[in-house]
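Structure record follows, encoded as structure tokens.
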Amino acid sequence: MKLDLSLTVNGEAISARVEPRMHLVDFLREVLDLTGSHAGCEHGVCGACSILVNGEMVRGCLMLAVQAEGAEVWTVEGLTESGAIAALQEAFVARNALQCGYCTPGMLVAAATLLKANPSPTREEIREGISGNYCRCTGYHAIVDAIEEVSRA
Amino acid sequence: MKPAPFAYARATTLAEVFDLLETHGDSARLLAGGQSLVAALNLRLASPSVLLDINGVAALRGISFADGRLRIGALTRHAELGADPLVAQHAPLLAQAVPHIAHAAIRNRGTIGGSLALADPAAELPACILALEAVLVLASREGERRVAARDFFQGLYQTALRGDEVLAAVEIASQADVPCTLQELARRHGDYAIVGLAAQSARGALRLAWFGVGATPLRTPRAEAALAAGDVAGAQAALAGELDPPEDLHGPPALRLHLARVLLGRAAAALKGH
Numbered sequence: 001m002k003l004d005l006s007l008t009v010n011g012e013a014i015s016a017r018v019e020p021r022m023h024l025v026d027f028l029r030e031v032l033d034l035t036g037s038h039a040g041c042e043h044g045v046c047g048a049c050s051i052l053v054n055g056e057m058v059r060g061c062l063m064l065a066v067q068a069e070g071a072e073v074w075t076v077e078g079l080t081e082s083g084a085i086a087a088l089q090e091a092f093v094a095r096n097a098l099q100c101g102y103c104t105p106g107m108l109v110a111a112a113t114l115l116k117a118n119p120s121p122t123r124e125e126i127r128e129g130i131s132g133n134y135c136r137c138t139g140y141h142a143i144v145d146a147i148e149e150v151s152r153a
Numbered sequence: 001m002k003p004a005p006f007a008y009a010r011a012t013t014l015a016e017v018f019d020l021l022e023t024h025g026d027s028a029r030l031l032a033g034g035q036s037l038v039a040a041l042n043l044r045l046a047s048p049s050v051l052l053d054i055n056g057v058a059a060l061r062g063i064s065f066a067d068g069r070l071r072i073g074a075l076t077r078h079a080e081l082g083a084d085p086l087v088a089q090h091a092p093l094l095a096q097a098v099p100h101i102a103h104a105a106i107r108n109r110g111t112i113g114g115s116l117a118l119a120d121p122a123a124e125l126p127a128c129i130l131a132l133e134a135v136l137v138l139a140s141r142e143g144e145r146r147v148a149a150r151d152f153f154q155g156l157y158q159t160a161l162r163g164d165e166v167l168a169a170v171e172i173a174s175q176a177d178v179p180c181t182l183q184e185l186a187r188r189h190g191d192y193a194i195v196g197l198a199a200q201s202a203r204g205a206l207r208l209a210w211f212g213v214g215a216t217p218l219r220t221p222r223a224e225a226a227l228a229a230g231d232v233a234g235a236q237a238a239l240a241g242e243l244d245p246p247e248d249l250h251g252p253p254a255l256r257l258h259l260a261r262v263l264l265g266r267a268a269a270a271l272k273g274h
């Protein structure tokens, strides 16, 4: 059984038919070919699938695509194109805040969400803000540095 | 992993929810925030044949205050709970609990009703509800019935909810200006607690509700009485007879009992300094 789905992704109106069991990040990756959002643990722990739905950060693996009916979704691709996270991306590169890059799209969404709510976070607040996003390469220090640098720019 | 196939239906009114529950019975699950249910579907720990999405049911939304009681709609998301001025004023224990619940992305979707109906014994909100002596409003086609928090949590993931009912709201007598504190120990920020404590003062008495130490959130009346009388050491000693935490990956029962005593000491200090 497939259901009709209409939503906006990265500013573009999308209509599709999806199985109810398809979660949102698989819809983005497999149907729309937006592979920037990563499906890591698929049970809400790793944060690699973090995206914005109606302006709020959510786990793409813990929301069904059919639940995004009428929603406005932004992924790392759209946020890159719009320039919304350009300063963060620049700082991540400058500070070596990624190695394999698997966590980076979700980490950027978490960082942007944090800075929107709290433009001048302490390092402790930055660590709390990214605590739902796992990084297995960097040890987080460089990521905290990069976010801190953007917050002070 | 990916979920097994299921059918999906959206409800926008309680009447539709009751119809769908009647039609599908035990093979259906209600979908609220989905932050535990969708994970369980992905892991194939749950495989309902129908999901009933209740996110569009307006009657389950909203926070209001009347006649000294706070009413919190079941679909209130954790982030909303943490930011609501009525909650901060009348049930500050809940506002204190929110930052401990998982992570920001989860708090944007997860709901209080979902957390209570799931009744995870390591979760913060069931223990808070117990410490607040809240009343749960359960709705069915026959109408509403009210169940005290102490009667709602019946076992591991077991509640008083019947198959034809939906948790509609939580009602709490105002705790404005009454000291409370939430304490927990977790290995990492946002993890489930190894041991947690929701403590609420109440007219010379004290209510201690523990989470992560048994099959349900638990009250400890002897420790409550000792602490209310100002005897912190006596309260800590009483815990040995009142808590029987299971052994798990976090460590042996003795470790958790020790950590519970530590939390009780911290809670006593926090309540005193309130």
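Taken in order, these protein sequences are the chains called A and B.
The first sequence: position 80 = 80 (the UniProt record's numbering), numbered continuously.
The second sequence: position 202 = 202 (the UniProt record's numbering), numbered continuously.
Glycine residues also receive a C-beta, built at the ideal position from the N, C-alpha and C atoms.
Output the boundary residues of the alpha helix (DSSP H) element that contains residue i.
i	result
LEU140 (chain B)	As written in the sequence, residue 140 (chain B) is Ser, which differs from the Leu given in the question. SER140 (chain B) -> not in any alpha helix (DSSP H); beta strand (DSSP E) instead, spanning 135–140.
ILE112 (chain B)	112–118
residue 312 (chain B)	Any answer about residue 312 (chain B) is impossible in this case: the structure gives chain B only from 1 up to 274.
LEU132 (chain B)	First-last for LEU132 (chain B): undefined, no H or E at that position.
SER82 (chain A)	76–82
Using a Cβ cut-off of 8 angstroms (strictly closer), state whether residue i contacts chain B.
i	result
VAL66 (chain A)	yes
CYS61 (chain A)	yes
GLY47 (chain A)	yes
ARG21 (chain A)	yes
GLU128 (chain A)	yes
GLY44 (chain A)	yes
GLU72 (chain A)	no
VAL144 (chain A)	no
Compare the C-beta of residue i against all C-beta atoms of chain A and say whether one is closer than 8 angstroms.
i	result
LYS2 (chain B)	yes
ALA104 (chain B)	yes
VAL38 (chain B)	yes
TYR157 (chain B)	no
PHE153 (chain B)	no
LEU60 (chain B)	no
ASP248 (chain B)	no
GLY34 (chain B)	yes
ALA240 (chain B)	no
LEU20 (chain B)	no
ASP164 (chain B)	no
Please list, in chain order, all residues of the same chain as residue i whose beta carbon is under 7 angstroms from its beta carbon, the five residues on each side excluded.
i	result
ILE129 (chain B)	LEU116, ALA149, VAL170
VAL66 (chain A)	LEU3, LEU5, VAL18, PRO20
ALA16 (chain A)	LEU5, VAL31
SER151 (chain A)	LEU115, PRO119, SER120, PRO121
Where do the N-terminal and C-terminal ends of the beta strand (DSSP E) with residue i fall, by residue?
i	result
MET107 (chain A)	Element bounds for MET107 (chain A): not the beta strand (DSSP E) but the alpha helix (DSSP H), 104–117.
SER50 (chain A)	50–53
THR8 (chain A)	3–9
ARG17 (chain A)	12–18
Keeping to the same chain, check which residues put their C-beta closer than 6 angstroms to that of residue i; ignore five residues upstream and five downstream.
i	result
ALA146 (chain A)	ALA91, PHE92, ARG95, ALA97
ALA226 (chain B)	GLY234, ALA235, ALA238
GLY155 (chain B)	ALA215
LEU197 (chain B)	GLN183, TRP210, LEU263, ALA267
LEU206 (chain B)	GLU224, LEU227, ALA228
I believe residue i touches residue j by the beta-carbon criterion, under 8 angstroms. Please report the beta-carbon distance rounded to the nearest angstrom.
i	j	result
ALA176 (chain B)	HIS90 (chain B)	5 angstroms
GLY212 (chain B)	PRO126 (chain B)	Contact flag wrong, Cβ pair sits at about 11 angstroms.
MET1 (chain A)	ALA7 (chain B)	6 angstroms
GLY204 (chain B)	ALA186 (chain B)	Their Cβ separation, rounded to whole angstroms, is 32 angstroms, which puts GLY204 (chain B) and ALA186 (chain B) out of contact at 8 angstroms.
ALA111 (chain A)	ILE130 (chain A)	7 angstroms
ALA119 (chain B)	THR159 (chain B)	5 angstroms
ARG61 (chain B)	LEU52 (chain B)	Going by Cβ atoms, the distance from ARG61 (chain B) to LEU52 (chain B) rounds to 16 angstroms, so no, they are not a contact pair.
Excluding five sequence neighbours on each side, which residues of the same chain lie with their C-beta closer than 8 angstroms to the C-beta of residue i?
i	result
THR12 (chain B)	GLY56, VAL57, ALA58
| Contacting positions in the stretch 167–200 of chain B - beta carbon closer than 8 angstroms to chain A | ARG188, HIS189, GLY190
| query | For the stretch 104–134 of chain B, which residues have a CB atom closer than 7 angstroms to at least one CB atom of chain A, in sequence order? | reply | Under the 7 angstroms Cβ criterion, the stretch 104–134 of chain B contributes ALA104, ALA105, ILE106, ASN108, ARG109.
| Residues of the stretch 80–114 of chain A with Cβ closer than 7 angstroms to any Cβ of chain B, in chain order | THR113
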